[in-house]
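2 protein chains.
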Amino acid sequence: MTASTHPAHPRRSDATRAAILRAARERFAADGYERATIRAIAADARIDPSMVMRYYGSKEGLFAAAAEFDLRLPDLTAVSSEQLGEVLVRHFLARWEGDETLVALLRAASTNPGATERMRGIFADQLTSAVATFGTDPALTARRAGLVASQILGLALTRYIVRLPPMVDMTPEELVSWTAPTLQRYLTGLPQT
Amino acid sequence: MTASTHPAHPRRSDATRAAILRAARERFAADGYERATIRAIAADARIDPSMVMRYYGSKEGLFAAAAEFDLRLPDLTAVSSEQLGEVLVRHFLARWEGDETLVALLRAASTNPGATERMRGIFADQLTSAVATFGTDPALTARRAGLVASQILGLALTRYIVRLPPMVDMTPEELVSWTAPTLQRYLTGLPQT
DNA sequence: GTTGTGTGTCAACAGCCGTTGGCATACGGT
DNA sequence: ACCGTATGCCAACGGCTGTTGACACACAAC
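Written out as C-alpha cells, the structure is:
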C-alpha cells in the first residue's frame, strides 16, 4: 500500500510505519484492544508515541490499519464437492498459524465494537460469497456460511485464545481430520428438519 | 451463599450485594472486563463505588464473584448414547439464553487472563468429566471434550458476541438440528486417521 | 547556502480509572 | 437510653491513558 502506490517517492518513514504496524499487531493479538496501549506499542517499535498519532491518527485508526485482513479464500469451484470441508479447514488453519492479524482481530472483537463489526463483515462477506460460488440453494447459503464460521471461529477461540489443552496439543492434521466432516456437512449436507 | 450460610443473621446489605452482582454481570456481559468500570456498575446498582470495594475487595474480586458459574451438565449416563449430542446442545443453548453470566465470562475471557483461566477450567473440568462418565477410550476423552467445546463456544461466539446475522436469526431448534450431529460425532465417532 | 518539508523527541494536558480513608447515619443488642 | 457495628456517601489520591503542540534535527531542491 505505502511503497507500491508511489514507487517513485519511497518515504523514508516507511520502515517506521511498518515497525509500528508489526508491533501493533503483536500487542493487539497478545493483549486485546484496550490493554494494548499506544505507549507500549511505540516502545516495541522503539519510537515515540506521538509518531503513532501522526501516522495513524488515533488508536482506532491504528487498529483499523493493523486489522486489515483478507481471508484469501481459494477458488472453491476448482475443488471437488466432497473435499470442500477439508480444503476449507486446512486453509483457515494455515492462515491462522502464519499470521497473527486474525488472532488480534478475534481478541479485539470480543470487546471493541469496531473490531466486532469488522469480524462480522469478513465472515459475512468473504465467506458467504465463497460459499455462494458453488451452486446450492441460495436461501441456505447464508446459514451454511454462518455454521461454518461457528466451527472455524470456535476452533480458533479454543486453540489460540482460551488455549484449551487438548485443542492446543492436537496437530493441524488431527484437527483437519476431525473437523473437516463437520464443515462438509454444513456446506453440502441436507437441511435439517 | 450469603443468606443460606447464616439464615439466622440475614445481612441487611444482602440486597445491595445482589444488586451489585446483577449490575456487574450485565456490564461485564455487555462491555467486557476492561470497559466495564466499577463506577458504571455502581451507578447501575444506585450505590457508591466504594461499596463495591468494601464488599468485593477489588475489581478482580467482583468479577470472580460475578463469573461464578456451574454448567449444570445433566447426567449423561441416563441418556441413550445416540442422543448425547442433541441433549448437550439443547442444554448449552438453554443455559446460555437464560443466564448472561456465560456471555460475560466469554467476553472477558478474550482479554482478561483470570477470565481465560476460569473459562478453561470450566470446560476442561466440568465438560471433560461429564464426557468421561460414559465409557469411551480414556485417552480420547480429553480431545472429544475439547472438540465439543470448540463447537459450543463457536456457536456462542458467533451468536452472542460477533452476532453473525444467520447465527442470530436461527431458532434454537434449528441450531440444535444442525449442530447436534457434529457433537454426536465428536463424542462417539471413531477416531479419525 | 538557504529554504522548506519530512521525521523524530519531549513535555504536558485533561480525563478517566481503581482504590482509599474519613465521616455521617441507622440499626440491633442490652 | 446507650453503644458498638454495619451501611452508606463524599472527596480525594496516584497512576495510567489517548492526545496535542512546540521544538530539534536531517535531508532534498534550487
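In order, the protein sequence lines correspond to chains A and B. Everything in the first sequence is counted per our numbering, starting at 1 for the first residue and increasing by one. Everything in the second sequence is counted per our numbering, starting at 194 for the first residue and increasing by one. Don't be surprised by glycine CBs; every beta carbon is placed ideally from N, CA and C.
Expected contact under 8 Å - CB spacing of residue i and residue j to nearest Å
i, j, result
"B:T270", "A:R107", "Wrong, their Cβ atoms sit about 38 Å apart, outside the cutoff."
"A:G85", "A:L175", "Wrong, their Cβ atoms sit about 12 Å apart, outside the cutoff."
"B:L348", "A:W178", "No, B:L348 and A:W178 are not in contact; Cβ-Cβ is about 17 Å, not under 8 Å."
"B:A212", "B:A238", "4 Å"
"B:S274", "B:F327", "7 Å"
"A:L127", "A:A94", "Their Cβ separation, rounded to whole angstroms, is 16 Å, which puts A:L127 and A:A94 out of contact at 8 Å."
"A:T109", "B:V355", "Inspection of the sequence shows that residue 109 of chain A is occupied by Ala rather than by Thr. 6 Å between Cβ atoms; contact."
"A:L164", "B:R313", "6 Å"
"A:A42", "A:M51", "7 Å"
Where residue i falls: helix, strand or coil (DSSP)
i, result
"B:T209", "helix"
"B:V282", "helix"
"B:M360", "helix"
"A:M1", "Low confidence applies here, because A:M1 scores a pLDDT of 41, under 50, leaving its location unreliable; read the following figure in that light. A:M1: coil per DSSP, three-state reduction."
"B:E227", "coil"
"B:G307", "helix"
"B:L333", "helix"
"B:D318", "helix"
"B:E261", "coil"
"B:V355", "coil"
"B:L383", "coil"
"A:V79", "coil"
"B:F256", "helix"
Contacting residues, own chain, Cβ-Cβ under 7 Å from residue i (five flanking each side not counted)
i, result
"B:F262", "T294, L295, L298, I315"
"A:M1", "Residue placement at A:M1 is flagged as unreliable, the pLDDT there being 41, under the threshold of 50; a coordinate-derived value is accordingly withheld."
"A:R39", "P49"
"B:G225", "R300, A301, T304"
Straight-line Cα distance separating residue j from residue i
i, j, result
"A:A217", "B:P359", "Given that chain A is displayed from residue 1 to residue 193, the structure contains no residue 217 of chain A and the question cannot be resolved."
"A:R22", "A:E60", "16 Å"
"B:M363", "B:E227", "31 Å"
"B:P365", "A:T16", "50 Å"
"A:R12", "A:I152", "40 Å"
"A:D125", "A:V131", "10 Å"
"B:Y353", "B:V361", "8 Å"
"B:A373", "B:E310", "27 Å"
"A:D137", "A:R185", "14 Å"
"B:L383", "B:R337", "11 Å"
Close Cβ partners of residue i (< 6 Å) along its chain, the five nearest in sequence each way excluded
i, result
"A:L88", "L183"
"B:R218", "A259, E293, T294, A297"
So if I threshold CB-CB distances at 9 Å, which residues from the stretch 218-230 of chain B count as touching chain A?
D224, G225, Y226, E227, R228
Return the residues of the stretch 67-95 of chain A that lie within a Cβ-Cβ distance of less than 7 Å from chain B, sorted by chain order.
none
With 7 Å as the limit, tell me which residues of the stretch 153-179 of chain A have their beta carbon closer than that to any beta carbon of chain B; keep them in chain order.
L153, G154, L155, L157, T158, I161, V162, R163, L164, P165, P166, M167, M170, S177, W178
Between the stretch 121-140 of chain A and chain B, which residues of the former have CB atoms less than 7 Å from a CB of the latter, in chain order?
F123, A124
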